[in-house]
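Down below is the structure, laid out as structure tokens.
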Amino acid sequence: FLTIAPCDAAEPWQLGSQDAATPIMQGIIDLHHDIFFFLILILVFVLWMLVRALWHFQDKTHKIPQRGTTIEIIRTIFPSIILMFIAIPSFALLYSMDEVVVDPAITIKAIGHQWYRTYEYSDYNSSDEQSLTFDSYTIPEDDPELGQSRLLEVDNRVVVPAKTHLRMIVTPADVPHSWAVPSSGVKCDAVPGRSNH
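Each residue of the sequence shown is one higher than the one before, starting from 15 at the first, in my numbering.
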């Protein structure tokens with residue numbers, strides 16, 4: 015068994031995502047880099063057009079064109095092509111993230127309370143046929159030990175087997191919560207009255 019938390023941790027003054035621990039997170043990082051490339055291209059093009067327009071049309075000597083069918087076509091087609099280049103990989107990643115594992119090796123239920131979480135391993139029963147359940151409290155921000163991350167450390171960590179499929183069921187007991195493992199590319203919001211997995 016390995017713990018989820020040490021896969022990667024946030025570093026002081028870190029920019030960007032944590033190192034990927036799963037193929038899904040690697041796909042999220044790659045999609046971010048691809049979209050950022052298109053963002054830079056669009057930014058350079060728009061700035062070039064703005065500077066060009068300010069330079070050429072700074073006085074009344076140049077006439078402003080009234081019709082520009084070619085530029086209208088380019089202005090419509092080019093953004094559509096860029097959106098297609100963004101949409102195809104993002105939909106592929108979205109559908110791969112939503113894949114439901116038919117027979118997971120383990121099912122863990124995370125119940126969010128206002129100041130803590132309760133975890134329940136429903137596949138592992140104790141001798142009296144009760145599922146394994148424990149509470150996990152965040153370590154106060156003035157108590158972290160050397161090497162612990164502020165507001166990210168808990169007193170009882172969730173332990174899962176490595177390289178196996180698992181089902182995580184997230185539900186709140188009282189107020190909305192979210193449950194996340196950033197290095198795995200997993201984030202699930204819990205709304206009262208609903209169970210998400």
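The beta-carbon is built from N, C-alpha and C at its ideal position, and this holds for glycine as well.
Check: Contact belief for glycine 126 with alanine 204 at Cβ below 8 angstroms, rounded distance in angstroms; Outcome: 5 angstroms
Check: Spatially closest choice to tryptophan 129 from Ala119, Ile153, Asp112 and Asp137, by CA coordinates; Outcome: Ile153
Check: Within 7 angstroms, strictly: CB atoms of glutamine 181 and proline 118; Outcome: The residue you asked about is not glutamine; residue 181 is arginine in the sequence shown. Cβ distance < 7 angstroms, so arginine 181 and proline 118 count as in contact.
Check: Same chain only: Cβ atoms within 7 angstroms of methionine 39, ignoring 5 sequence neighbours per side; Outcome: Ser197, Ser198 and Gly199
Check: Same chain only: Cβ atoms within 8 angstroms of histidine 179, ignoring 5 sequence neighbours per side; Outcome: Val115, Asp117, Pro118 and Ala119
Check: Beta-carbon proximity of leucine 45 to leucine 107, cut-off 7 angstroms; Outcome: yes
Check: Identity of the residue in Ile49, Ile122 and Leu165 nearest serine 145 by Cα; Outcome: Ile122
Check: Which listed residue (Val184, Trp27 and Ile43) has its alpha carbon closest to that of threonine 132; Outcome: Val184
Check: Identity of the residue in Val172, Ser163 and Leu160 nearest phenylalanine 148 by Cα; Outcome: Val172
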